[in-house]
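Undergrad: Before I ask anything, let me first share the structure, which is written out below as structure tokens.
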Amino acid sequence: MKTQLTRRVLLPAAAGALASCARAPEPPRQPSPIAVLKAQGYATDLLPLLRRGAQECGLDARGKRVLLKPNLVEFDHKTCINTHPAVLAATVELFRSLGAADVRIGEGPGHRRDTLFLAEEAGYMEAVPRFESLFVDLNRDDVSRRPGFLHDDSIYLPNTALQADLIVSLPKMKTHHWAGATLSMKNYFGLVPGAVYGWPKNPLHYAGIDRSIVGLSRIFRRNFAIVDGIIGMEGNGPIQGTPKSSNVIVMGADLVAVDATCCRIMGIDPTKVNYLGQASDLGNLDESQIPQRGERIDAVHQRFQLIDQFSHLRLG
Amino acid sequence: MPVSAPATPLEQLAAARNADGGWGYFPGRSSWLEPTYYAKLALHPDGISTQSWNLIRSWQLPEGGCRPNNTVKEPNWTTALFVTLHCLRQQSGPPFHAGLNWLLEARGAESSLLRRAANRLWSIEKNYRPNLYGWNWFPGTHSWIEPTVHAMVALQLALRLNPGLDASLQDRLRARLALAQEMLLARRCNDGGWNYGAPYSLEVELPSYPETTALALIGLQQARLREFDRSLDKATAWLESRPSPLAEAWLHLALRIHGRPVPPLRAISTRDNLLLALRELAAGPNFRLLKVGSA
């Protein structure tokens, strides 16, 4: 097969090379426990499972203002683009039971402007009691300017996200046609306000998707992730791919370690995923630094189909 | 105990006005240009108070572009809304001209020589013509359907409502409008509707959406093409399929502008000021404000 020299190949490589040159020596880091939990389906009671994962990861949410950030992109009944409503509903209950002071749900979809309608179509209103009173459209929230995005640049971000004590990324386990995989870190694109940057948030693409993923993760450092991998998406994700059953939920506080673990489950080598390589100073990528709780990766491993441009990411 | 009658949408909208004269996206939130613009159109721009007008004017930057609210320091796509409001209020002073010139200078970054060369050399996207550009949401990025349409409406109204504009300026406006019209037509999806950006990504055909199809039809209201019927029929079909409240409003507005019959808008309950205002604009007599007339 003829390899095309494209922007997709050249720009991430150049950015990665520059980032690795500029990086300071990494300090010794604590291990990042990650819980990999088997879930048979969305109809089962997910709350006990999430409680177990939270305990395994040492999650403490007492007294915290928590923002749950699902991945709400598009509604298409033929596929599975969004975080499943059952996962979101169980997560709301989890954080309430853990003593969070305030639990909100926020999302700023990348191209759909009618966020509340999207949430309704996706089944969120039915699944989460009083959903509307908990929900913030992050595309149209009031904003504040934050420095430190991509070195010298600043970025406007929604006050609801900036004021949260803990942001819980609730992505779907999916492949992505620009980034390779879209997991807990890429999910933070939905924190960027469309009212300032548009639908889609094209400045993030211009700055470089990988760099922007890492840039946002540098700003939001109080995180937890619960990845919906019960049914993920493979192939031409994040919208036009095909459903892939993995029957797994992945949880952890270190988003780099969470995404690296998800990649390994998906049959992707996380060290070859550009944004993860650039984020190695933010969390643990190395398997030896990720104590696995729950299932072993080889017990839940799936081979997610990759589009040709990302075939080089295949693990082993 | 007597129960007061529920407020009409227009009363609800009027009551949601902030103390500074603007509207937030939701009641009690800080004012932004976009919901303020739609609120003013729904309530009629003749009725803009001095306070509201001063607030809108305060968002214009020295170079002519407008920032979308008090916090944001950079101009963006809302400059088109600022220019449209000036046109509708027959305000043609320096702020109007500065805004108009900013819009004329703004363009999708795909039009840059570097981007065009890269596209040609590396075949980044087939079926894509970066020489046909419109307007972006934020400076330095690509052209997209929605901001292009807002800018087209502003420029079309500037031509229609300001016959005294300098001839060379009129020529520049017409040239940008012709280019934007060509861009919209080139980006139409195979089903006759429009996606947010282009009809293909990575050589995969993209679906069209009701909101962007309606917006494109508003931008193309001066394009009298026979093949347009397919797009208008698609918009009509969407309107009959219970789309989102936002899509319904845009479709309603677009079809009315094109003289197509529309069913009444569904009754909804919302705290979303922009949605409330847009639906009132689409259903009421003020939809004509965005009817730019024949070319």
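Residue numbers (our numbering), protein chains in the order written: chain A, 1 to 316; chain B, 317 to 611. Built from N, CA and C at the ideal position, the CB exists for glycine as well.
1. What do you get for Gly344 of chain B, buried or exposed, if any count of 16 or more other CB atoms within 10 angstroms of its CB means buried?
2. Residues in its own chain within less than 7 Å of Gly252 of chain A by CB, not counting five upstream and five downstream?
3. So which residues on chain B does Asp142 of chain A lean against when the C-beta distance must stay under 7 Å?
4. How far does the beta strand (DSSP E) with Phe224 of chain A in it extend, from its first residue to its last?
5. Per DSSP, what kind of secondary structure is Phe135 of chain A in: helix, strand or coil?
6. Runs of 3 residues minimum, wholly inside the stretch 233-312 of chain A: which ones carry the beta strand (DSSP E) assignment?
7. Contact defined as beta carbons within less than 8 Å: I believe Ile213 of chain A pairs with Ala179 of chain A. What is the distance between those atoms, to the nearest angstrom?
8. If we cut at 8 Å on Cβ distances, does Phe220 of chain A have a partner in chain B?
9. What residues of chain A sit near Tyr516 of chain B, judged by a beta carbon separation below 8 Å?
10. What residues in its chain sit with their C-beta under 6 Å from that of Pro12 of chain A, if we drop five residues either side in the sequence?
11. Closer than 8 Å, CB to CB, is Ser560 of chain B near chain A or not?
12. Can you give me the Cβ contacts of Ala207 of chain A inside the same chain, cut-off strictly under 6 Å, excluding the 5 residues immediately before and after it?
13. Does the distance from the CB of Ala322 of chain A to the CB of Phe135 of chain A come in under 8 Å?
14. Beta-carbon of Pro285 of chain B versus every beta-carbon of chain A: anything under 8 Å?
15. Out of A:Thr261, A:Leu313, A:Gly215, state which residue places its alpha-carbon closest to the alpha-carbon of Val227 of chain A.
16. Is Leu170 of chain A buried or exposed, if buried means 16 or more other CB atoms sit within 10 Å of its CB?
17. Would a C-beta distance cut-off of 8 Å place Leu72 of chain A and Pro109 of chain A closer than the cut-off?
18. Phe149 of chain A lies in the beta strand (DSSP E); which residues open and close that run?
19. Would you report the Cα separation of Tyr449 of chain B and Leu88 of chain A, rounded to the nearest angstrom?
20. Please name the residue, chosen from A:Glu126, A:Leu255, A:Lys244, that lies closest to His301 of chain A on a Cα-to-Cα basis.
21. Can you tell me which of the three DSSP states Trp199 of chain A falls into?
22. Considering Pro411 of chain B, what are the terminal residues of the alpha helix (DSSP H) in which it resides?
23. Please state if the CB of Gly337 of chain B and the CB of Ser346 of chain B are separated by a distance shorter than 8 Å.
24. Kindly list, in the order they appear in chain A, the residues whose Cβ is closer than 7 Å to that of Asn392 of chain B.
25. Residues of chain A with CB closer than 8 Å to the CB of Pro463 of chain B, please, in chain order.
26. Strictly under 8 Å for the Cβ-Cβ distance: is Phe111 of chain A near chain B by that measure?
27. Using DSSP's beta-bridge definition, name the partner residues of Gln376 of chain B.
28. Helix, strand or coil for Thr327 of chain A? Go by DSSP, reduced to three states.
29. Give, in chain order, every residue of the stretch 480-514 of chain B whose Cβ lies closer than 7 Å to some Cβ of chain A.
30. Tell me whether Ser20 of chain A is buried or exposed, calling it buried when 16 or more other Cβ atoms sit within 10 Å of its Cβ.
31. Would you call Lys172 of chain A buried or exposed, if buried means 16 or more other Cβ atoms sit within 10 Å of its Cβ?
32. Which full runs of the alpha helix (DSSP H) of 4+ residues lie inside the stretch 28-60 of chain A, going along the chain?
33. Residues in the stretch 262-292 of chain A with C-beta within 8 Å of chain B's C-beta atoms, listed in sequence order?
34. Verify whether the separation of the beta carbon atoms of Phe75 of chain A and Thr175 of chain A is less than 8 Å.
35. Which residues in chain B sit within 7 Å of Pro147 of chain A, going by Cβ to Cβ distance?
36. Could you check what DSSP says for Leu471 of chain B in three-state terms: helix, strand or coil?
TA: Inspection of the coordinates gives the following:
1. Position 28 of the second sequence, counting from 1, holds the residue named residue 344 of chain B. Counting Cβ neighbours within 10 Å, Gly344 of chain B comes out exposed, since fewer than 16 surround it.
2. As a working note, residue 252 of chain A is residue 252 in the first sequence. Excluding sequence neighbours, Gly252 of chain A sits near Ser32, Pro33, Ile34, Ala35, Cys57, Ala225, Val258.
3. Residue mapping note: residue 142 of chain A aligns to position 142 of the first sequence, counting from 1. Per Cβ cutoff of 7 Å: Arg345, Ser346.
4. Locating residue 224 of chain A in the first sequence gives position 224, counting from the first residue. It spans 223-234 - the beta strand (DSSP E) in which Phe224 of chain A sits, taken as one unbroken run.
5. Translated into the one-based positions of the first sequence, residue 135 of chain A becomes position 135. Residue state, collapsed to three classes: strand.
6. 242-252, 292-294
7. As a working note, residue 213 of chain A is residue 213 in the first sequence. As a working note, residue 179 of chain A is residue 179 in the first sequence. So it is a contact: roughly 7 Å between Cβ atoms.
8. Reading the first sequence from its first residue, position 220 is the one you call residue 220 of chain A. Cβ-Cβ to chain B under 8 Å: no for Phe220 of chain A.
9. Within the second sequence, the letter at position 200 stands for residue 516 of chain B. None at all; the shortest Cβ gap to chain A is about 12 Å.
10. Taking the first sequence and counting its residues from 1, the one referred to as residue 12 of chain A is at position 12. Note on Pro12 of chain A: pLDDT 45, under 50, position unreliable in the model; no value is reported.
11. To locate residue 560 of chain B, count along the second sequence from 1; it is residue 244. Output row for Ser560 of chain B: interface = yes.
12. In the first sequence, residue 207 of chain A corresponds to position 207, counting from 1. Within the same chain, Ala207 of chain A has close Cβ partners Leu150.
13. Since the first residue shown for chain A is 1 and the last is 316, residue 322 of chain A is missing from the structure and cannot be characterised.
14. Absent from the structure is residue 285 of chain B, since the part of chain B shown begins at 317 and ends at 611.
15. Locating residue 227 of chain A in the first sequence gives position 227, where the first residue counts as 1. When each option's Cα is compared against that of Val227 of chain A, the closest is A:Thr261.
16. Walking along the first sequence from the start, residue 170 of chain A turns up at place 170. It counts as buried.
17. The count along the first sequence starts at 1 and reaches residue 72 of chain A at position 72. The count along the first sequence starts at 1 and reaches residue 109 of chain A at position 109. Going by C-beta atoms, Leu72 of chain A is nearer than 8 Å to Pro109 of chain A.
18. For this step, residue 149 of chain A is matched to residue 149 along the first sequence. Phe149 of chain A -> beta strand (DSSP E) spans 143-149.
19. Residue mapping note: residue 449 of chain B aligns to position 133 of the second sequence, counting from 1. Residue mapping note: residue 88 of chain A aligns to position 88 of the first sequence, counting from 1. Rounded to the nearest angstrom, the two C-alpha atoms are 40 Å apart.
20. Locating residue 301 of chain A in the first sequence gives position 301, counting from the first residue. Of the listed residues, the one whose Cα sits closest to His301 of chain A is A:Lys244.
21. Taking the first residue of the first sequence as 1, we reach residue 199 of chain A at position 199. Three-state result, Trp199 of chain A: coil.
22. One-based indexing of the second sequence puts residue 411 of chain B at position 95. It spans 410-421 - the alpha helix (DSSP H) in which Pro411 of chain B sits, taken as one unbroken run.
23. The residue you call residue 346 of chain B lines up with position 30 of the second sequence. The residue you call residue 337 of chain B lines up with position 21 of the second sequence. Result no, Cβ atoms of Ser346 of chain B and Gly337 of chain B do not sit closer than 8 Å.
24. Taking the second sequence and counting its residues from 1, the one referred to as residue 392 of chain B is at position 76. Simply Val196.
25. Counting from 1 along the second sequence, the entry for residue 463 of chain B is found at position 147. Ordered by position in chain A, the residues that pass the 8 Å Cβ test against Pro463 of chain B are Gly198.
26. Translated into positions along the first sequence, residue 111 of chain A becomes position 111. Residue identity differs from the one stated: residue 111 of chain A is His in this sequence, not Phe. Yes, His111 of chain A counts as interfacial toward chain B.
27. Here residue 376 of chain B corresponds to residue number 60 of the second sequence, with the count starting at 1. For Gln376 of chain B, which the question treats as bridged, DSSP gives the partners B:Cys382.
28. With chain A represented from 1 up to 316, any question about residue 327 of chain A goes unanswered, as that position is not in the structure.
29. Tyr512
30. Against the first sequence, residue 20 of chain A aligns to sequence position 20. Residue confidence is low: Ser20 of chain A scores 42 on pLDDT, short of 50, so the model does not pin down where it sits. Its coordinate-derived value is still stated next. With fewer than 16 Cβ atoms within 10 Å of its Cβ, Ser20 of chain A is classed as exposed.
31. Mapped onto the first sequence, residue 172 of chain A falls at position 172. Burial call: buried.
32. 47-56
33. none
34. Counting from one through the first sequence, the residue named residue 75 of chain A turns up at place 75. Counting from one through the first sequence, the residue named residue 175 of chain A turns up at place 175. No, these two residues do not count as a Cβ contact at 8 Å.
35. Locating residue 147 of chain A in the first sequence gives position 147, where the first residue counts as 1. In chain order: nothing, as chain B lies at least about 13 Å away.
36. The residue you call residue 471 of chain B lines up with position 155 of the second sequence. The answer is helix: DSSP assigns Leu471 of chain B an H, G or I state.
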